[in-house]
Amino acid sequence: MRKGKLLVAPAISWLIFFFGVPMLIVIAVSFAARTPYGQVIFNFTFANYQRFLEPLYIRIFVDTVFTALVTTLITFCMGYPLAYSISKLPHKWQQPGLILVMIPFWINFLIRSYAWVVILRSQGLINTLLLKLGWITQPLPLLYNDYAVMLGMVYALLPFMVLPIYVSIEQLDHRLLEAASDLGAKPFTAFRKVTFPLTLPGVAAGSILVFISSLGMFVVPDVMGGAKSALIGNLIQNQFLSARDWPFGSSLSIVLAVLALVLIVLYYKAIQKQEGGTNNEEKLA
């Protein structure tokens, strides 16, 4: 037991120093004030959190949550069939399938975002091709709108949905599907009654990863949304880099962190509840 604690001590120390300490600094700054020139004054106040309740910032927060929800839903609708298809491939082809899903991570995220700008802009690949084919007479507004932002987020976060679902499908006891087939269940019924319910932990894990990542995303809205798409991630970025209002930016960061923590706690409670129900069923059996 003592050796195990010694083994994890470096990792815990790393997390405390590079995660815990900066988080404490952000929390402290969120309760501070600022001078007109942007200097932080450590004068305990709730003004930054009260400012967050103004209609402008509430609307930005609601728009951010809505965008994150839509992104999560789209990645689920695309990711579950993809993960299911990869799991049904012959074993020797499953690893190459996962590698294809992971290939985008091999390229810098900012470069990938600008690649989409080249594809979607007025003189980009899509509009140029459609104009040459004569299908349109003027370029389509494919870039710098909410749809472009959601496209970029789905593209960037799809692997975070695919991988947890694939793991859940791989861990599924296939004897249950054979039993369902023996009892006369059709493939779709077996999927709806057996496969999908048992893979919900993977769906939940992927959804939380995508949703939390979407909440704090600022690169995609900045590059593909332009000035027309203002999400809370961009607001935080502007407070730190442009407005020099570190206390307000810190308070917004803490709000996002608390929301992410609540989602993670709810996920683990749901997992524990499901495991408890499974264990009870096994005991009764």
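Counting from 1, one number per residue, gives the positions in the sequence shown under UniProt numbering. A virtual CB, placed ideally from N, CA and C, is assigned to each residue, including glycine.
Counting only the same chain and skipping the five closest in sequence on each side, list residues whose C-beta sits under 7 Å from that of Ser30. Once the five neighbours on either side are set aside, the close Cβ partners of Ser30 are Asn48, Pro247, Ser250, Ser251 and Ile254.
Roughly how many whole angstroms lie between the Cα atoms of Val8 and Val70? A direct Cα-Cα distance of roughly 38 Å separates Val8 from Val70.
If we ignore side chains and look at the alpha-carbon of each, how far apart do Leu82 and Ser168 end up? Using only the alpha carbons, I get a separation of about 13 Å.
Nearest to residue 300 by CA position, among Ala243, Val265 and Lys269, is which residue? Given that the chain is displayed from residue 1 to residue 285, the structure contains no residue 300 and the question cannot be resolved.
Reducing DSSP to helix, strand and coil, say where Arg34 ends up. Collapsing the DSSP output to three states places Arg34 in a strand.
I need the straight-line Cα distance from Ile264 to Gln123, nearest angstrom please. Whole-angstrom Cα-Cα distance: 43 Å.
Just mark Asp182 as buried or exposed, buried being the case when its beta carbon has 16 or more other beta carbons within 10 Å. Flag for Asp182 reads exposed.
Give the range of the alpha helix (DSSP H) segment to which Asn167 is assigned. In the sequence on display, residue 167 carries Val and not Asn. Boundaries of the alpha helix (DSSP H) around Val167: Asp146 to Glu170.
Taking its Cβ as the centre, do 16 or more other Cβ atoms sit within 10 Å of Ser13, making it buried, or is it exposed? By the C-beta density criterion, Ser13 is exposed, having fewer than 16 other C-beta atoms within 10 angstroms.
Exposed or buried, Gly79, counting other C-beta atoms within 10 Å across all chains shown (16 or more means buried)? It is buried - the Cβ of Gly79 has at least 16 other Cβ atoms within 10 Å.
Quick one: Cα of Phe109 to Cα of Ala156, how far? The alpha-carbon of Phe109 is positioned some 8 Å away from that of Ala156.
With a threshold of 7 Å on Cβ separation, who are the neighbours of Ala204 within its own chain once the five nearest residues in sequence on each side are excluded? Taken in chain order, the residues that qualify are Tyr267 and Ala270.
Quick check on DSSP: helix, strand or coil for Ile107? Three-state result, Ile107: coil.
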